[in-house]
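Visitor:
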Amino acid sequence: MVKFTSLFVATVALLATSASAQLCTAPRMFGAKAAVPLERRTSGSGTITKRDLVSAAEQKIILDTHNKHRARHGAAPLTWNAQAAQFGNNWIQQCQFKHSGGKYGENLAAGYKDFKTGIDAWYNEVSKYNYNNPGFSMATGHFTQVVWKATKSVGCAKKFCPGSNWTIYICNYDPPGNYQGRFPQNVSPAK
């Protein structure tokens, strides 16, 4: 087992538009919390193992975790999006921790023990969001994508990467969030 004690990596691909489209990417975050030990696997890069597949139970956890956070902010529940999950799965097979630049909103995480802890970490950026000055921030882009009211579905995937000894978690959101000028109507304070 490998233990990451200070390195947490999480990022988000955000589509921010006003008059023209701009792609915004949040940086990797280091030193957030002590990581939970991860199990070492021997699959090679690009090889899908049984442990890399998202089970029906994990899909339920992903939806329940997202929807619990979304409900606090008056956002409707998300549904599972198999196409978005497949897109994310295809993207992370080479174990490169970077954004796809695809058509979906995208949150990435690595160093977490499971989807729930990654999604909770994305949501916990809520403490940094300024409702009096709504808009995109590199420090809150994961949170705003999770609770974005116009987003209707999510699909997620994971991949253990033996070269880095961590699992990459990816969630893709449709339609994407974090559009400039649309934050006040899509990101409401918690009830």
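Numbered per mature numbering (1 follows the signal peptide of the UniProt record, and there is no 0), the sequence shown spans residues -21 to -1, 1 to 170.
Virtual Cβ for every residue (Gly too), placed ideally from N, Cα, C.
Remember, predicted model here, so these are calculated numbers, not experimental data.
Determine contact between the stretch 146 to 156 and the stretch 122 to 136, defined as no fewer than three beta-carbon pairs at a distance below 8 Å.
Guide: Counting Cβ pairs under 8 Å, three or more are found: they touch.
Visitor: Taking the straight line between their C-alpha atoms, what separation do you get for A89 and T146?
Guide: As a position in the sequence shown, residue 89 is number 110, starting the count at 1. As a position in the sequence shown, residue 146 is number 167, starting the count at 1. Roughly 6 Å separates the two Cα atoms.
Visitor: Tell me, which residues are paired with V133 by DSSP?
Guide: As a first step, residue 133 must be located in the sequence shown, where it is residue number 154. W59 and Y152.
Visitor: By alpha-carbon positions, which one of S106, N157 and G81 ends up nearest to P168?
Guide: Sequence index remark: in the sequence shown, residue 168 carries index 189 (1-based). Taking only the C-alpha atoms, the option nearest P168 is S106.
Visitor: Compute the Euclidean distance between the alpha carbons of K128 and K92, then round it to the nearest angstrom.
Guide: As a first step, residue 128 must be located in the sequence shown, where it is residue number 149. As a first step, residue 92 must be located in the sequence shown, where it is residue number 113. Looking at the two C-alpha atoms, the distance is approximately 27 Å.
Visitor: Ignore the nearest five residues each way along the sequence and tell me which others in Y83's own chain have a CB closer than 7 Å to its CB.
Guide: Sequence index remark: in the sequence shown, residue 83 carries index 104 (1-based). Once the five neighbours on either side are set aside, the close Cβ partners of Y83 are A63, F66, N151, Y152, D153 and P155.
Visitor: Classify N86 as buried or exposed, calling it buried when 16 or more other Cβ atoms lie within 10 Å of its own Cβ.
Guide: As a first step, residue 86 is located in the sequence shown; it is residue number 107 there, counting from the start. The residue in question, N86, is buried, as its Cβ has 16 or more Cβ neighbours within 10 Å.
Visitor: Going by the beta-carbon positions, is the gap between G120 and N60 smaller than 7 Å?
Guide: Start at 1 with the first residue of the sequence shown, and residue 120 comes out as number 141. Start at 1 with the first residue of the sequence shown, and residue 60 comes out as number 81. No, these two residues do not count as a Cβ contact at 7 Å.
Visitor: To the nearest angstrom, report how far apart F94 and S116 are at their CA atoms.
Guide: Counting from 1 along the sequence shown, the entry for residue 94 is found at position 115. Counting from 1 along the sequence shown, the entry for residue 116 is found at position 137. Taking the straight line from one Cα to the other gives about 23 Å.
Visitor: For the alpha helix (DSSP H) containing Q124, name the first residue and the last one.
Guide: Position 145 of the sequence shown, counted from the start, is the residue given in the question as residue 124. Segment G120 to V126, the alpha helix (DSSP H) holding Q124.
Visitor: Consult DSSP for Y138 and reduce its assignment to one of helix, strand or coil.
Guide: By one-based count along the sequence shown, residue 138 stands at place 159. In the sequence on display, residue 138 carries Lys and not Tyr. Strand.
Visitor: Find the nearest neighbour of I98 within the set Q75, C140, E37 and Q73, judged by alpha-carbon distance.
Guide: Residue numbering aside, residue 98 sits at position 119 when the sequence shown is read from its first letter. Minimum Cα distance to I98 is reached at E37.
Visitor: Tell me the rounded alpha-carbon separation between S143 and N69.
Guide: Translated into positions along the sequence shown, residue 143 becomes position 164. Translated into positions along the sequence shown, residue 69 becomes position 90. Going by the C-alpha atoms only, they are around 19 Å apart.
Visitor: Under 8 Å by Cβ, that's how I've got V166 and H45 pegged, so tell me the actual separation to the nearest angstrom.
Guide: In the sequence shown, residue 166 corresponds to position 187, counting from 1. In the sequence shown, residue 45 corresponds to position 66, counting from 1. The Cβ separation is near 14 Å, so there is no contact.
Visitor: By DSSP, does N111 sit in helix, in strand, or in coil?
Guide: On the sequence shown, residue 111 is found 132 positions in, with the first residue counted as 1. Coil at N111, not helix or strand.
Visitor: To the nearest angstrom, report how far apart Q73 and C135 are at their CA atoms.
Guide: As a position in the sequence shown, residue 73 is number 94, starting the count at 1. As a position in the sequence shown, residue 135 is number 156, starting the count at 1. Computed Cα separation, rounded: 16 Å.
Visitor: What separation, rounded to the nearest whole angstrom, lies between the Cα atoms of R7 and P56?
Guide: What you label residue 7 is simply residue 28 of the sequence shown in a count that begins at 1. What you label residue 56 is simply residue 77 of the sequence shown in a count that begins at 1. With a pLDDT of only 33 at R7, under the threshold of 50, the placement of this residue in the model should not be trusted; the figure read from the coordinates follows. Cα to Cα, R7 sits roughly 28 Å from P56.
Visitor: Which two residues bound the contiguous alpha helix (DSSP H) that contains Q38?
Guide: By one-based count along the sequence shown, residue 38 stands at place 59. Residues A35 to R51.
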